[in-house]
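Peer 1: Sharing a structure here in structure tokens format.
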Amino acid sequence: MTKRPVDYGQWQSAIGLNWYLADPNLQFLMDLYLPPERRQWAEGHLVRWGELCGGPIARRAEVIDKNPPRLEQYDPWGREVYQVVHHPEAIAIKRDVWEEGPHGLRARGEEVPPVLGGAFTYLLSQADTGMVCATGMTGGVADLVERYASPEVKARVLPHLLSPTFEDSWDGAMFMTEIEGGSDLARTATVARHLEGDRWLLNGSKWFCSNVDAKAIVTLARPEGAPEGLRGLALFLVPAIRHDGTRNGIVIKRIKEKLGTRSVPTAEVDFVDAEAYILSSPRAESSEAKGLNRMMAMVNGSRLGVACMALGIMRRSFLEAAIYAHHRRAFGRYLYELPMVRETLMEMAVELEATAALVFETYHHTGRRGDEHARRLYRILVPLSKFRAARRGLEMAVRGLEVMGGNGYIENFPMARQVRDAQCHTIWEGTENIVCLDVVRAIVKEAAHDALISRLEGALEGAHHPVLAPTRQLAASLLGQAREAIALLLKASDEVRQFHARRLASLLADATQACLLLEEASRELAREGSARKAAVAHLFCQRLVPQPLYGISTDQRLLGLYDAVVRYAPLEAGALALTNA
């Protein structure tokens with residue numbers, strides 16, 4: 013155990029750091045999930061990306077938040093152009109993300125494991141989650157085009173979606189929300205009229221369109237004559253440019269003034285005879301399976317991306333709070349020396365690592381076509397990750413702001429923006445209610461819980477080190493409660509299931525995080541002899557069970573875990589055993 017504790021006092025700000033090298037837990041997760049033969053290769057790219065995100069991109073993000081995109085409806089001659097104008101620093105970030113991020117690696121012929129892609133998103137999210145949205149949907153659009161578009165459309169669109177250079181790039185977006193429908197996609201009113209072949213014209217309005225000036229948009233519409241409801245929907249690609257080179261019928265009515273995520277333009281859009289290409293069958297009897305389901309595959313990937321965005325805000329909030337607490341003095345002491353601040357930072361570190369365990373486990377099961385067990389795990393882990401990370405991201409941003417006091421509340425410091433941006437993640441790609449219902453749907457329709465429980469049982473079985481015994485007992489109890497709750501609700505009416513969906517999702521998330529942290533602790537004990545992760549797992553599980561007197565006691569030993577939990581110092585197993593006494 014030779015690792016040195018992190019010294020937050022040596023840093024004046026999170027901006028300017030290499031965010032990968034400053035994050036021991038991310039390094040641990042890369043060791044855990046990346047194939048050994050790819051680990052060293054990935055390290056070089058992560059170091060480079062961590063420096064870029066913590067330096068130039070983070071600095072630009074502060075400028076962009078104060079200079080958001082604006083809409084120009086007319087050119088100097090009065091002609092309608094509906095053009096979104098970005099600050100030059102936003103264009104600089106987009107170029108960096110396109111050419112230096114995972115897209116650039118793939119364009120140079122490299123295979124990027126999903127876990128590594130998640131790490132890139134996590135690091136970028138610490139700078140600006142709005143920019144993650146603005147740059148992150150192109151891969152999903154490219155995948156839909158590659159799999160379902162005609163050869164002619166592929167030949168025209170894919171070279172831009174896969175371009176190695178930013179200048180020749182087409183970025184992607186997904187427009188689904190309508191003013192009447194919201195999350196109720198069955199009420200989609202946009203109408204598609206067939207022209208010839210796979211070419212259609214769309215007419216209708218979309219109400220909440222992020223990355224509105226994307227060059228390649230996927231959307232749902234109802235072909236003329238198709239039935240109402242989900243079965244009548246089909247999936248379309250809408251390029252910003254028609255096949256004849258003229259501007260497509262995409263009318264941006266206004267850019268919304270949002271609480272946060274200001275770097276990504278979100279707007280209200282009318283499709284006016286917008287040229288589109290179908291990516292699913294227009295036949296009523298098959299459009300639900302081939303339209304909505306194909307779109308939902310992209311939505312699931314986007315939901316996981318939102319979970320990772322929230323995780324990035326958790327990390328940024330913790331890092332800013334820890335640095336501030338090691339510089340600010342009050343009552344003759346540094347803030348981090350005060351017991352309540354110590355407890356706050358410890359709780360933030362524990363929640364961060366528990367959420368990271370859930371999110372990166374989900375990335376680990378991404379894209380394993382042909383593996384039914386992994387597919388079902390991914391199916392239930394995505395909504396669980398989004399549910400847990402989005403809420404914890406907002407809570408963590410608020411706690412980080414409070415550590416900084418009045419300075420946290422003003423825009424000169426970075427925490428106010430983290431709070432504003434974090435609120436969006438509870439809504440993007442489905443509100444908490446929607447994703448909790450999706451957890452229930454995954455259980456009832458696909459028995460995805462069987463795969464999850466099997467995975468968590470395996471994690472518990474491997475946690476056999478004696479120091480883990482008390483925590484393992486708590487985690488096993490949580491998993492047992494989850495099994496009982498699922499069995500009970502499977503017998504209940506649909507109304508009762510919906511009523512308890514949030515409680516069930518919360519219980520499953522807790523059980524999953526507890527078991528995964530135990531697995532991580534077991535690995536660290538075996539490989540490094542350190543019980544640091546064991547302390548994190550213990551603190552996480554302990555807060556989930558009722559404590560006598562709400563945990564009030566004269567025992568000071570938990571305060572002694574501060575260096576291990578917050579500063580990532582190694583911990584002897586015997587030291588943790590004392591706190592479990």
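For our numbering, count along the sequence shown from 1 and bump the result up by 12.
Backbone N, C-alpha and C fix where the C-beta goes; we use that ideal spot for every residue, glycine too.
Predicted, not measured: the structure shown is a model, and the values here were computed from it.
1) Where Ala-301 and Pro-114 are concerned, what is the direct C-alpha to C-alpha distance, given to the nearest angstrom?
2) Beta carbon of Ser-217, beta carbon of Glu-280: below 9 Å?
3) Start and end of the beta strand (DSSP E) containing Arg-205?
4) Bridge partners of Gln-95, per DSSP?
5) Name, in chain order, the residues that DSSP records as bridge partners for Val-578.
6) Can you tell which of Val-557, Ala-26, Gly-237 has the C-alpha that lies nearest to the C-alpha of Gly-62?
7) If contacts are defined as beta-carbon pairs under 8 Å, then Ile-392 and Ala-460 qualify, I think. What distance do you get, rounded to the angstrom?
8) Tell me Ile-253's beta-bridge partners as DSSP assigns them.
9) Which term fits Val-330, buried or exposed, when burial requires 16 or more other beta carbons within 10 angstroms of its beta carbon?
10) Between the C-alpha atoms of Pro-152 and Leu-249, what's the straight-line distance to the nearest angstrom?
11) May I ask you to report which of helix, strand or coil DSSP gives Met-13?
12) At what residues does the alpha helix (DSSP H) containing Trp-110 begin and finish?
13) Skipping 5 residues on each side, what residues in its chain have a beta carbon closer than 8 Å to that of Glu-297?
14) Helix, strand or coil: how does DSSP classify Thr-189 here?
15) State the Cα-Cα distance for the pair Leu-364 and Ala-322, rounded to the nearest angstrom.
16) Give me the residue from Thr-202, Glu-158, Val-224, Lys-503 with the minimum Cα distance to Ile-455.
17) Could you compute how far the alpha carbon of Tyr-94 sits from the alpha carbon of Val-224?
18) Do Leu-357 and Val-59 have their beta-carbon atoms positioned less than 9 Å apart in this structure?
19) So, is Val-97 buried or exposed, given that buried needs 16 or more other C-beta atoms within 10 angstroms?
20) For Trp-212, write down the residues that DSSP places opposite it in a beta bridge.
21) Look at the alpha carbon of Asp-43 and the alpha carbon of His-437, and state the distance between them as a whole number of angstroms.
22) With H, G and I counted as helix, E and B as strand and the rest as coil, what does DSSP make of Tyr-346?
23) With H, G and I counted as helix, E and B as strand and the rest as coil, what does DSSP make of Leu-232?
24) In angstroms, rounded to a whole number, what distance separates the CA positions of Ser-137 and Glu-208?
25) Ala-576 and Arg-544: beta carbons closer than 9 Å?
26) Decide if the region 402 to 417 is in contact with the region 430 to 450; the criterion is three or more beta carbon pairs, one per stretch, under 8 Å apart.
27) Quick check: the Cα distance between Asp-256 and Glu-287, rounded to an integer number of angstroms?
28) At what residues does the alpha helix (DSSP H) containing Glu-74 begin and finish?
29) Nearest to Ser-222 by alpha carbon, out of Gln-435, Trp-440, Glu-532?
30) Would you list the residues sitting across from Ser-222 in a DSSP beta bridge?
31) Sorted by chain position, which residues of the same chain lie with C-beta nearer than 8 Å to Val-157's C-beta, five sequence neighbours on each side aside?
32) Could you name the residues that DSSP lists as bridge partners for Arg-247?
33) Who does Gly-184 pair with in a DSSP beta bridge?
34) Whole angstroms is fine: what's the gap from Leu-29's alpha carbon to Met-307's?
35) Give every residue of the same chain whose Cβ lies closer than 6 Å to the Cβ of Ala-319, excluding the five residues on either side of it in the sequence, and list them in chain order.
36) Using beta-carbon positions only, say whether Leu-41 and Ala-369 come within less than 9 Å of one another.
Peer 2: Let's see:
1) Bear in mind that the predicted position of Ala-301 carries a pLDDT of just 43, short of 50, making it too unreliable to give a figure here.
2) yes
3) 203 to 208
4) Glu-84
5) Beta-bridge pairing links Val-578 to no other residue.
6) Ala-26
7) 4 Å
8) Arg-259
9) A quick correction: the sequence has Phe, not Val, at residue 330. When all chains shown are included, Phe-330 counts as buried.
10) Residue identity check: residue 152 is Gly in the sequence provided, not Pro. When rounded, the distance between both Cα atoms is 12 Å.
11) Unreliable placement is indicated for Met-13, whose pLDDT of 43 sits below 50; no coordinate value is reported for it.
12) 100 to 112
13) At Glu-297, the pLDDT of 45 sits below 50, so the modelled position is not reliable; the number obtained from the coordinates is stated separately. Cβ within range, chain order: Arg-243.
14) coil
15) 10 Å
16) Lys-503
17) 10 Å
18) no
19) exposed
20) His-206, Ala-288
21) 28 Å
22) strand
23) strand
24) 42 Å
25) yes
26) yes
27) 11 Å
28) 70 to 78
29) Trp-440
30) Thr-278
31) Val-165, Lys-166, Val-169, Leu-170, Leu-173, Ala-228, Leu-249, Leu-291
32) Note on identity: in this sequence residue 247 is Leu, with Arg being the wrong assignment. Paired residue(s): Leu-232.
33) Ala-228
34) 38 Å
35) Val-371, Ser-397, Lys-398, Ala-401
36) yes
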